[in-house]
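Okay, so here's the structure we're looking at.
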Amino acid sequence: MSETPAPTALPGVSPAEAQKMQAAFKDIAERSQKLLQDFAERYKADGTQPSDPLGLTQTFMDFTAKMLADPNRLVQAQMELWQQYLALWQHTAQRMMGQKVEPMAEPAKGDKRFNDPAWKDEVVFDYLKQSYLLTARWLQGTIKDVEGIDEKTAKKVDFYTRQFIDAVSPSNFAMTNPQVVKATVESKGENLLKGLQNLLTDLERGKGKLAIRQTDMKAFRVGENVATSPGKVVYQNDLMQLIQYAPATAEVYTMPLLIVPPWINKFYILDLKPENSFIKWATEQGYTVFVISWVNPDERLTKLVFEDYMKLGPLAALGAIEQATGQRQVSAIGYCIGGTLMAATLAYMAARSDDRISACTFFTAQIDFTEPGELGVFIDEDQLASIEQMMSKKGYLEGSEMATTFNLLRANDLIWSFVVNNYLMGKDPFPFDLLFWNADATRMPAAMHSYYLRNMYQNNLLSRPGGIVIDNVPIDLRKIAIPVYIQAGKEDHIAPARSVYKATQIYSGPIRFMLAGSGHIAGVVNPPRAKKYQHWLNETDRNPPTLAEWQAGAKEFPGSWWNDWDKWLSEKSGPKVPARNPGDGALPPIEDAPGSYVKVRVVE
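Under the working numbering, the first residue of the sequence shown is numbered 1271, with each subsequent residue one higher.
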């Protein structure tokens, strides 16, 4: 019986450490071989892949041709960069001789990549950092100065150039990141070995595609330590489950509250944990809260279209709420594209004289897509055709594809920081409920997703009277005359505030617009007890044509906007009645909240 040979002795490495490293290398080799075999089989099965699905080659070729049309300006720009390099080298030489000099380039406020003191204190790393920042600034400035480029192409070039700039940051490489260098020396390279194992684990999770873990996915369980507000599923169909939450007060407002979340994410962003749960807080204010929990669609539901989401979603929920409570009229909330759906639903109902929704709130929801922000970069004919080709294989878009798109909007925070932590430092990601939710992706049915991207983002038909027709009803958002509360996030990179604001010029009823501090998530999920951020209100309730004009007359208030919203809605929700428990009405409970639909996961 042969014995396992002793590992070769390495300088400064004990036999036990060497044995551990040898076992790690063996594990990596075996897993890598299996991954390569799986990838080869999958590639063969999928057939030829498009070489440039984003259409970037032609975009950058057109841009380069415009740039080379003015060689004098290009030479001048190169000379300016060269002069900055020379000046930086002189500053660095002065520092090496002990002189104190002011930096030529500093990271932007909030840029966490260069927080380690070594980036400033150690001359070599400071030089690497500044040369990178100077080059990045020069490259982006040069691109912006090119003339003759249409606005859409310019935005596309700028966006993908920033992706390249972010990717080549010295913080993303083992030998040029002081934290990684220090960790490698102290652990004798164990961090890089562990990082390689983490990389293989993420490749295995993504079935050959890199699925970067942003948090400890095993630290959370839906219904156990996230999405824990008590309630019951009281209705369901193929597309959604309707959850009625248990009351938290002895009396409640007469009018129930229906929340319609986006179908591209799970609803429990509004119920992550008790201390920041909007759902729990709303029940504590005396509202009977109902929430739609969308199904995570599979091959059976690939033919679903926008009309199905309206009829099987909010319209079906209205009928179920009346059975559950005996109350015909409700107030509603539409979040993100759930708000886009709610706007179309309200216009449809107005055309049919259906008054079951008497007031509506929109969380960071766009209905006019003339200025959709950076997501518009992904919406051109080449990219839409590529998405549709991708969806045609299974009948839906994998949730991971959408997650990657959103992560690219904040690549340094949501991609590269985890590359450094997981693969270079060899650490496991920190347990964080928000990032667990962010990774809990949902699929999009092909017909529905294509309709949404083309009719809303690409052609902006929803904002045009009669631009889209649902069930033979021309949709005209100007017919929405009920009271509306609109929330937008000042730093929202998914639904920019100036885009959300455009709704104030379309709806015909009384509108209260509120601008919240922070972005797409924290701008919404900001409980009063947290005492974070701020919000702005224009107390005249005057909504001029542009957000900038509105801001000029707005007043800043500290902390959460939730209390302002509660004051607005409570006045429209009727008198108090004895609290309603799930199951008290005509709909018996099906199962406990948060239900089974929300627990269907794409990637563990």
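Every residue, glycine too, gets a C-beta built ideally from N, C-alpha and C.
Neighbourhood of residue i by C-beta, 7 Å cutoff - its chain only, sequence neighbours within 5 removed
| i | result |
| --- | --- |
| I1781 | V1754, I1756, T1774 and N1813 |
| I1534 | I1607, M1672, T1712 and M1714 |
| I1549 | S1499, Y1515, L1540, D1541, V1559 and V1561 |
| W1551 | P1797 and W1832 |
| D1396 | W1389 and K1390 |
| G1501 | I1513, Q1514, Y1515, A1516, P1852 and A1863 |
| D1386 | P1448 and Q1449 |
| E1521 | G1556, K1846, V1847, P1848 and A1849 |
| D1332 | T1423 |
Identified DSSP bridge partners for residue i
| i | result |
| --- | --- |
| T1631 | I1603 and Y1755 |
| Q1514 | K1502 and F1560 |
| S1782 | This sequence places Arg at residue 1782; Ser is not what is there. R1782 is bridged to Y1755. |
| F1827 | H1805 |
| I1740 | V1743 |
| E1521 | P1848 |
| Y1666 | P1715 |
| L1885 | Within the shown structure, residues of the chain are numbered from 1271 to 1874, placing residue 1885 beyond reach of any answer. |
Inter-residue spacing [alpha-carbon to alpha-carbon] between residue i and residue j
| i | j | result |
| --- | --- | --- |
| A1792 | W1806 | 15 Å |
| A1818 | P1373 | 35 Å |
| Y1693 | V1455 | 16 Å |
| G1589 | P1526 | 12 Å |
| R1850 | D1834 | 25 Å |
| K1825 | G1844 | 29 Å |
| P1875 | T1431 | This structure gives no information on residue 1875, because the portion of the chain shown stretches from 1271 to 1874. |
| F1639 | D1836 | 29 Å |
| L1480 | L1473 | 5 Å |
| A1681 | W1564 | 28 Å |
| A1765 | V1393 | 41 Å |
| A1444 | V1438 | 12 Å |
| S1662 | M1718 | 12 Å |
| P1584 | M1337 | 51 Å |
| T1362 | F1632 | 53 Å |
| P1341 | M1612 | 52 Å |
| A1378 | F1384 | 10 Å |
| A1335 | V1427 | 13 Å |
Own chain partners of residue i with C-beta closer than 6 Å, once the 5 adjacent residues on each side are dropped
| i | result |
| --- | --- |
| G1737 | L1731 |
| L1571 | P1715 |
| I1529 | V1561 and I1603 |
| A1375 | Q1400, L1403 and L1404 |
| Q1597 | P1526 |
DSSP state of residue i mapped onto helix, strand, coil
| i | result |
| --- | --- |
| L1369 | A quick correction: the sequence has Gln, not Leu, at residue 1369. Coil at Q1369, not helix or strand. |
| Q1597 | coil |
| M1714 | strand |
| P1212 | Examination of residue 1212 is not possible in this model, given that the chain is present from 1271 through 1874 alone. |
| L1398 | helix |
| P1848 | strand |
| P1864 | coil |
| P1275 | At P1275 the pLDDT is 47, less than 50, meaning the model places this residue with poor confidence; the figure from the coordinates comes in the next sentence. It is coil, neither helix nor strand. |
| L1215 | Nothing can be reported for residue 1215: it is not among the residues displayed for the chain, which extend from 1271 to 1874. |
| L1684 | helix |
| V1492 | strand |
| A1709 | helix |
| Q1728 | helix |
| S1439 | coil |
| W1835 | helix |
| M1695 | coil |
| G1787 | coil |
| A1856 | coil |
| T1810 | coil |
| F1576 | helix |
| K1336 | helix |
| R1768 | helix |
Same chain only: Cβ atoms within 8 Å of residue i, ignoring 5 sequence neighbours per side
| i | result |
| --- | --- |
| R1724 | L1654 |
| V1496 | F1490, Y1538, D1541, L1542, K1543, D1703, F1706 and W1707 |
| Q1599 | M1525, D1625, R1626, I1627 and S1628 |
| R1799 | E1545 |
Proximity test, residue i beta-carbon vs the ligand COA heavy atom, cut-off 8 Å
| i | result |
| --- | --- |
| L1404 | Among the components of this structure there are no ligands whatsoever, and the ligand COA is therefore not found. |
Contact with chain B by residue i, beta-carbon distance below 9 Å
| i | result |
| --- | --- |
| D1415 | Of the protein chains in the structure, only one exists, and it is not chain B. |
Practice task
Inspect the CB distances between the segment 1756 to 1769 and the segment 1781 to 1798 and report whether three or more fall short of 8 Å.
Solution key: yes
Problem - Validate contact between the segment 1507 to 1522 and the segment 1847 to 1864 using beta carbons, cut 8 Å, 3 pairs - result: yes
Exercise for the section: Specify whether the segment 1484 to 1502 and the segment 1699 to 1710 touch according to this definition: at least 3 beta carbon pairs, one from each stretch, less than 8 Å apart. Expected result: yes
Exercise for the section: Kindly confirm or deny that the segment 1606 to 1625 and the segment 1641 to 1649 touch, where touching means at least three C-beta pairs closer than 8 Å. Expected result: no
Exercise for the section: Taking 8 Å as the threshold, find out whether the segment 1459 to 1473 comes into contact with the segment 1399 to 1412 through three or more Cβ pairs. Expected result: no
Exercise for the section: Check whether the segment 1409 to 1419 touches the segment 1338 to 1358, taking contact to mean three or more Cβ pairs, one atom from each stretch, closer than 8 Å. Expected result: yes
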